[in-house]
Amino acid sequence: MHLLQDFKSMQSSYTRMFYNVCKILKRKLDVDDIKEFLSYYSITFRKRVEQCSDISSILHHIKDECSLTDVTLLHSVVEEMEITEAKEHIETYRAELKDFYKSISISLCLEKRFGSFPHLKCETVTFIFDWKPEEHLLQDIKGVLSKVSGKLLIIKFIATSTSISVTCSFPFSETHKKRRFSMELNLAFAHKKDKDHFCLA
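Reading the sequence shown from the start, the letters are residues 191 to 391 in the numbering used here.
And the structure:
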């Protein structure tokens, strides 16, 4: 449940940041200016923004383009419009998110032991969370794991029941890097559970 509380804490921080930034933007932005700026973001987004008549509705569309791990569009608006007060809230949030990446603690199960199998091309990794997350958390979980692992792991599958598991793969030749990645996540080896399966906790 520790990880669940960590996610909830980050969600709360994300909510507070967005609320405070939007409150500032409502006072500072001009509807026509922000519409013109956002019209270059994408054709689809431009069409959505064109229908807006006030700053609040535009900000709702901006929020839809952001996530727990990605506030790039919001930051670009703040930076372009040179709103220092709002920028400080975003920078504070990003620093907290960075600390979250460093401290995250998860259960990691491997289908095979690390070893020298010359015929094995890839290793499979499953991250297991011992709670059933709400639907909107799935994308944030995937985003956090991607950020933590960088380009090393490729997330292939997410399944839910009473818990959630994310199955990833990485080149077997990168096993030594996977060991380092596990250490960076502060994961400690647990006892081997059976002949072909053991856990990192």
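All C-beta atoms in this analysis are idealised placements derived from N, C-alpha and C, irrespective of residue type, glycine included.
Quiz item: So what's T259 in DSSP terms, helix, strand or just coil?
Solution: Counted from its first residue, the sequence shown places residue 259 at position 69. Shown here, T259 sits in coil according to DSSP, grouped into three states, outside any helix or strand.
Quiz item: Tell me which same chain residues have a C-beta within less than 7 Å of the C-beta of A276, skipping the five on either side of it?
Solution: Walking along the sequence shown from the start, residue 276 turns up at place 86. If you ignore the 5 residues before and after A276, its C-beta comes within less than 7 Å of the C-beta of V211, I214, L215 and V268, all in its own chain and listed in chain order.
Quiz prompt | CB of R164 within 8 Å of CB of S246, strictly | solution = Past the boundaries of the shown model lies residue 164; the chain is included only from 191 to 391, so the question cannot be answered.
Quiz item: Considering only the beta carbon of each residue, do V239 and I248 sit closer than 8 Å?
Solution: In the sequence shown, the residue the question calls residue 239 occupies position 49. In the sequence shown, the residue the question calls residue 248 occupies position 58. Yes, these two residues count as a Cβ contact at 8 Å.
Quiz item: Would the beta-carbon of D330 fall within 8 Å of that of T259?
Solution: Walking along the sequence shown from the start, residue 330 turns up at place 140. Walking along the sequence shown from the start, residue 259 turns up at place 69. The Cβ-Cβ distance between D330 and T259 falls below 8 Å.
Self-check item: Spatially closest choice to H279 from D289, L194, S293 and L264, by CA coordinates
Solution: In the sequence shown, counting from the first residue as 1, residue 279 sits at position 89. Out of D289, L194, S293 and L264, L264 has the C-alpha closest to the C-alpha of H279.
Quiz item: Can E270 and F208 be called in contact, C-beta distance under 8 Å?
Solution: As a working note, residue 270 is residue 80 in the sequence shown. As a working note, residue 208 is residue 18 in the sequence shown. In this structure, E270 lies away from F208, with their beta-carbon atoms at least 8 Å apart.
Practice problem: Consult DSSP for M200 and reduce its assignment to one of helix, strand or coil. | Solution: Position 10 of the sequence shown, counted from the start, is the residue given in the question as residue 200. Three-state result, M200: helix.
Quiz prompt | Presumed contact (8 Å Cβ cut-off) between E286 and S203, rounded CB distance | solution = One-based indexing of the sequence shown puts residue 286 at position 96. One-based indexing of the sequence shown puts residue 203 at position 13. Yes, they are in contact, since the Cβ atoms of E286 and S203 sit about 5 Å apart, within 8 Å.
Practice problem: Could you tell me whether the Cβ of D289 comes closer than 8 Å to any Cβ of chain D? | Solution: As a matter of chain content, chain D is missing from the structure shown, which is built from one protein chain.
Practice problem: Given a cut-off of 8 Å, decide if I273 and K225 are closer than it, judged by their beta-carbon atoms. | Solution: Taking the first residue of the sequence shown as 1, we reach residue 225 at position 35. Taking the first residue of the sequence shown as 1, we reach residue 273 at position 83. Not closer than 8 Å, so no.
Practice problem: Taking only the alpha-carbon atoms, compute the straight-line gap between K292 and V334 and give it to the nearest angstrom. | Solution: The sequence position of residue 292 within the sequence shown is 102, counting from 1. The sequence position of residue 334 within the sequence shown is 144, counting from 1. Put simply, the backbone Cα of K292 is about 11 Å away from that of V334.
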